[in-house]
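Following our numbering, the numbering of the sequence shown begins with 40 at its first residue and continues without gaps.
Worksheet: one structure, shown below.
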Amino acid sequence: MDAQELLRRYGTGERNFARASLRQAQLSGATLNQAVFATANLGGANLSGVQALQSIWLGASLSGADLSNAVLVQAFMVLTNLCAANLSDANLTGACLGWADLVGANLTGANLTGAFLVGADLTGANLRTATLTGANLFGANLTGTHLEDSNPHA
């Protein structure tokens with residue numbers, strides 16, 4: 040499946056894209072609300088500005104993907120591979136990122152208000168200027184994480 044096929048099928052009402060192979064897909068600015076990408080491979084995909092409210096990414100691979108300015112409010116991203124992903128200025132309000140792999144991810148300016156990051160690996164991640172109000176980081180690995188100017192109490 041390629042990006043055009045996914046968008047065509049989404050447009051007809053399909054929401055389940057579990058196990059899809061969409062490496063390097065160009066989906067910038069797409070609307071994918073409530074779509075299911077469980078165990079899908081979107082490594083290196085361009086998802087900048089995507090709107091995917093209440094979407095499901097359980098166990099998906101988004102390694103190296105561009106999710107800058109994405110709107111992922113209440114997204115379910117448990118066990119998702121987001122290594123070296125660009126999530127700068129993304130809206131992850133209320134997102135569930137439990138046990139996600141965010142090693143080296145760029146979360147500069149991201150809104151993580153109320154996000155669930157229990158057990159997440161944020162080794163070397165950049166969270167400068169991120170909003171972490173009400174975020175649950177219990178058991179998260181913050182080794183080498185850049186938290187300068189983040190706003191945990193806004």
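Where is the CB? At the ideal position from N, CA and C, for every residue including glycine.
Check: How should GLY52 be labelled, buried or exposed, when 16 other C-beta atoms within 10 angstroms of its C-beta is the threshold for buried?
Finding: exposed
*Decide if ASN55 is buried, meaning its Cβ has at least 16 other Cβ atoms within 10 Å, or exposed.*
exposed
- Message: Contact defined as beta carbons within less than 8 angstroms: I believe ALA64 pairs with ALA84. What is the distance between those atoms, to the nearest angstrom?
- Response: 4 angstroms
| task | Work out the CA separation of ASN72 and ALA42 for me, nearest whole Å. | result | 16 angstroms
* Rounded distance between the beta-carbons of THR147 and THR168, thought under 8 angstroms -> 6 angstroms
query: Among ILE95, ASN150 and LEU136, which has the Cα closest to the Cα of ALA77?
result: ILE95
Could you check the C-alpha separation between ALA104 and ALA123 for me, to the nearest Å?
8 angstroms
query = Is ALA193 helix, strand or coil by DSSP?
reply = Per-residue confidence for ALA193 stands at a pLDDT of 43, beneath the threshold of 50, marking its modelled position as unreliable; no derived number is given.
Let me know if THR182 comes out buried or exposed under the rule of 16 or more other beta-carbons within 10 Å of its beta-carbon. exposed
I believe ALA144 touches ALA164 by the beta-carbon criterion, under 8 angstroms. Please report the beta-carbon distance rounded to the nearest angstrom. 5 angstroms
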